[in-house]
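Residue numbers (the numbering used here): 2 to 295. Glycine included, C-beta positions come from ideal geometry on N, C-alpha and C. Because the structure is a prediction, the values reported are computed rather than measured.
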Ligand code: TYD
């Protein structure tokens with residue numbers, strides 16, 4: 002069944018009909034740029050939606066919390082922006098800097114508050130940037146792949162010096178599976194790839210891979226790189242210390258970035274119909290409105 006997490010009746014029906022004893026909550030508005038133009042959409046889905054789900058779980062599990070589990074999947078962006086060479090730990094104080102990360106921080110707080118107040122059994126994880134197949138081309142990697150393919154400018158914000166820690170989406174999925182089944186109630190686990198890249202270096206690497214895959218001369222795609230106005234309040238660096246999940250639950254990433262990125266590019270080039278479909282219609286309006294302001 003497909004339903005809006007803000008629709009309390011629909012969510013309650015799901016709990017009733019399917020005798021649910023575990024929730025893995027990943028539904029969220031997730032693009033920082035969209036949160037800058039429409040913060041309330043993020044409050045609605047990420048805060049109101051999460052609390053709606055929490056309420057449904059609390060009601061359905063009343064008096065029988067044993068063996069139940071509410072898992073909230075969150076982001077490393079709740080910790081704010083790093084300006085030295087340190088890493089985010091599970092104990093790093095929250096310091097969200099964008100409407101998106103503020104909304105995810107709020108939902109994390111609600112999950113913990115339900116654990117404390119109503120004894121709802123929960124686990125939480127905060128993950129670094131994901132990449133892989135089916136990623137909507139509003140985010141850096143799929144947007145760049147799509148634009149390189151179509152010979153369109155590659156919009157790099159500011160000087161391209163911001164740093165992100167990239168994790169293959171299937172490794173994130175395996176971490177979620179591990180935490181859901183073997184994590185401890187009330188605990189938080191950071192998930193990351195130990196894989197930090199400056200945006201500009203990452204875009205150059207993608208250009209090189211795309212040149213090879215498309216049979217272009219080396220350096221051809223990189224000519225499309227265009228520096229544009231920086232994102233408002235752009236976080237400089239995110240980087241995760243994923244030591245706890247490795248030590249306590251035995252999880253670590255399964256593949257290197259080079260392998261994952263090549264697989265990702267191959268997936269997009271083999272699925273151009275999917276790309277063309279998701280970049281038609283509303284995406285065109287989003288793209289021209291957002292990048293016209295640059
Ligand atoms: P993004 O994929 O939006 O993820 P997040 O903001 O959650 O980290 O962006 C990754 C980095 O790439 C971020 O520093 C912003 C930058 N970026 C660009 O330079 N150009 C773009 O067109 C986009 C979408 C992002």
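**Message:** Taking a contact to mean a Cβ-Cβ separation below 9 angstroms, would you say residue 207 touches residue 145 in this structure?
**Reply:** Along the chain shown, read from residue 1 onward, the residue named residue 207 stands at position 206. Along the chain shown, read from residue 1 onward, the residue named residue 145 stands at position 144. Yes, they are a contact pair.
**Message:** Which residue marks the beginning of the beta strand (DSSP E) containing residue 128, and which one marks its end?
**Reply:** The sequence position of residue 128 within the chain shown is 127, counting from 1. Residues 123–128.
**Item:** Member of 181, 127, 161 whose CA lies at the smallest distance from the CA of residue 168
**Value:** Translated into positions along the chain shown, residue 168 becomes position 167. Of 181, 127, 161, the residue nearest in Cα terms is 127.
**Asked** Hey, is residue 6's beta-carbon within less than 9 angstroms of any beta-carbon in chain D?
**Response** Reference to chain D is not applicable here, since this structure consists of a single protein chain.
**Message:** Here's a check: name, in chain order, each residue in its chain whose Cβ is nearer than 6 angstroms to the Cβ of residue 88, leaving out the five neighbours to either side.
**Reply:** In the chain shown, counting from the first residue as 1, residue 88 sits at position 87. Around residue 88: 240, 242.
**Prompt:** Near residue 179, what residues of its chain come up, given a Cβ to Cβ distance below 8 angstroms and the 5 sequence neighbours on each side ignored?
**Reply:** Counting from one through the chain shown, the residue named residue 179 turns up at place 178. Excluding sequence neighbours, residue 179 sits near 246, 250, 251, 252.
**Prompt:** Distance, Cα to Cα, residue 236 vs residue 83?
**Reply:** Position 235 of the chain shown, counted from the first residue, corresponds to residue 236. Position 82 of the chain shown, counted from the first residue, corresponds to residue 83. Taking the CA atoms as reference points, residue 236 sits about 8 angstroms from residue 83.
**Message:** Residues in the same chain with beta-carbon distance under 8 angstroms from residue 292, minus the five sequence neighbours each way, listed in chain order, please.
**Reply:** Residue mapping note: residue 292 aligns to position 291 of the chain shown, counting from 1. Hits under 8 angstroms: 156, 229.
**Message:** Given a cut-off of 9 angstroms on the beta-carbon distance, is the pair residue 132 and residue 225 in contact?
**Reply:** Counting from one through the chain shown, the residue named residue 132 turns up at place 131. Counting from one through the chain shown, the residue named residue 225 turns up at place 224. In this structure, residue 225 does not lie closer than 9 angstroms to residue 132 by Cβ.
**Asked** Based on the DSSP secondary-structure assignment, which residues constitute the bridge partners of residue 199?
**Response** Along the chain shown, one-based indexing puts residue 199 at 198. 164, per the DSSP bridge assignment.
**Message:** If distances are taken between C-alpha atoms only, which option among 187, 130, 28, 159 comes closest to residue 197?
**Reply:** Indexing the chain shown from 1 puts residue 197 at position 196. Just measuring C-alpha positions, the residue of 187, 130, 28, 159 sitting nearest residue 197 is 130.
**Asked** Using the C-alpha atoms, what's the distance from residue 122 back to residue 202?
**Response** As a first step, residue 202 is located in the chain shown; it is residue number 201 there, counting from the start. As a first step, residue 122 is located in the chain shown; it is residue number 121 there, counting from the start. Their Cα atoms are separated by approximately 42 angstroms.
**Prompt:** Going by the CB atoms, is the gap between residue 192 and residue 72 shorter than 9 angstroms?
**Reply:** On the chain shown, residue 72 is found 71 positions in, with the first residue counted as 1. On the chain shown, residue 192 is found 191 positions in, with the first residue counted as 1. Cβ distance not < 9 angstroms, so residue 72 and residue 192 don't count as in contact.
**Message:** Counting C-beta neighbours from all protein chains within 10 Å, is the total for residue 97 16 or more, i.e. buried, or is it exposed?
**Reply:** As a working note, residue 97 is residue 96 in the chain shown. The residue is buried, with at least 16 neighbouring Cβ atoms inside 10 Å.
**Message:** Using 9 angstroms as the threshold, is the C-beta distance between residue 37 and residue 99 below it?
**Reply:** Position 36 of the chain shown, counted from the first residue, corresponds to residue 37. Position 98 of the chain shown, counted from the first residue, corresponds to residue 99. Taking 9 angstroms as the Cβ cut-off, residue 37 and residue 99 qualify as a contacting pair.
**Item:** Exposure label - residue 151; buried when at least 16 CB within 10 Å
**Value:** Taking the first residue of the chain shown as position 1, residue 151 is located at position 150. The residue is exposed, with fewer than 16 neighbouring Cβ atoms inside 10 Å.
**Request:** Identify every residue that forms a DSSP beta bridge with residue 228.
**Result:** Numbered from its first residue, the chain shown carries residue 228 at position 227. Beta bridge pairing from DSSP links residue 228 with 157.
**Asked** Which residues share a DSSP beta bridge with residue 190?
**Response** Translated into the one-based positions of the chain shown, residue 190 becomes position 189. DSSP output for residue 190 lists 126 as bridge partner(s).
**Item:** CB contact flag (residue 12, residue 42, <9 angstroms)
**Value:** What you label residue 12 is simply residue 11 of the chain shown in a count that begins at 1. What you label residue 42 is simply residue 41 of the chain shown in a count that begins at 1. Remark: C-beta atoms of residue 12 and residue 42 do not approach each other more closely than 9 angstroms.
**Prompt:** How is residue 169 classed by DSSP in three states: helix, strand or coil?
**Reply:** On the chain shown, residue 169 is found 168 positions in, with the first residue counted as 1. Residue 169: strand per DSSP, three-state reduction.
**Request:** Kindly examine the ligand TYD and report whether one of its heavy atoms sits closer than 8 angstroms to the Cβ of residue 139.
**Result:** In the chain shown, counting from the first residue as 1, residue 139 sits at position 138. For residue 139, the shortest C-beta to heavy atom distance toward the ligand TYD is below 8 angstroms.
**Item:** Terminal residues of the alpha helix (DSSP H) in which residue 136 lies
**Value:** On the chain shown, position 135 is the one that residue 136 refers to. Residue 136: not part of any alpha helix (DSSP H); DSSP gives it neither H nor E.
**Request:** Compute the Euclidean distance between the alpha carbons of residue 214 and residue 158, then round it to the nearest angstrom.
**Result:** Here residue 214 refers to the residue found at position 213 when the chain shown is read from its first residue. Here residue 158 refers to the residue found at position 157 when the chain shown is read from its first residue. Their Cα atoms are separated by approximately 26 angstroms.
**Item:** Entirely enclosed alpha helix (DSSP H) segments - the segment 2–62, minimum 4 residues
**Value:** Within the segment 2–62, the complete alpha helix (DSSP H) segments at least 4 residues long are 9–19, 33–38, 40–43, 50–61, listed from N- to C-terminus.
**CA nearest to the CA of residue 50, picked from 183, 35, 79, 28** = The sequence position of residue 50 within the chain shown is 49, counting from 1. Per the C-alpha coordinates, the member of 183, 35, 79, 28 positioned closest to residue 50 is 28.
**Request:** Note the first and the last residue of the continuous beta strand (DSSP E) segment covering residue 76.
**Result:** The count along the chain shown starts at 1 and reaches residue 76 at position 75. According to the DSSP assignment, residue 76 belongs to the beta strand (DSSP E) that extends over 70–76.
**Item:** C-beta contact flag for residue 1 and residue 105 at 9 angstroms
**Value:** Since the displayed the chain opens at 2 and closes at 295, residue 1 lies outside it and no answer follows.
**Prompt:** How is residue 246 classed by DSSP in three states: helix, strand or coil?
**Reply:** Taking the chain shown and counting its residues from 1, one reaches residue 246 at position 245. Residue 246 falls in the helix class under three-state DSSP.
**Prompt:** Exposed or buried, residue 107, counting other C-beta atoms within 10 Å across all chains shown (16 or more means buried)?
**Reply:** Indexing the chain shown from 1 puts residue 107 at position 106. Buried: at least 16 other Cβ atoms inside 10 Å.
**Asked** Any chance the CB of residue 78 is under 8 angstroms from a heavy atom of the ligand TYD?
**Response** What you label residue 78 is simply residue 77 of the chain shown in a count that begins at 1. For residue 78, the shortest C-beta to heavy atom distance toward the ligand TYD is below 8 angstroms.
**Request:** Along the alpha helix (DSSP H) that carries residue 284, what are the first and last residues, could you check?
**Result:** Walking along the chain shown from the start, residue 284 turns up at place 283. For residue 284, the uninterrupted alpha helix (DSSP H) run begins and ends at 283–293, by DSSP.
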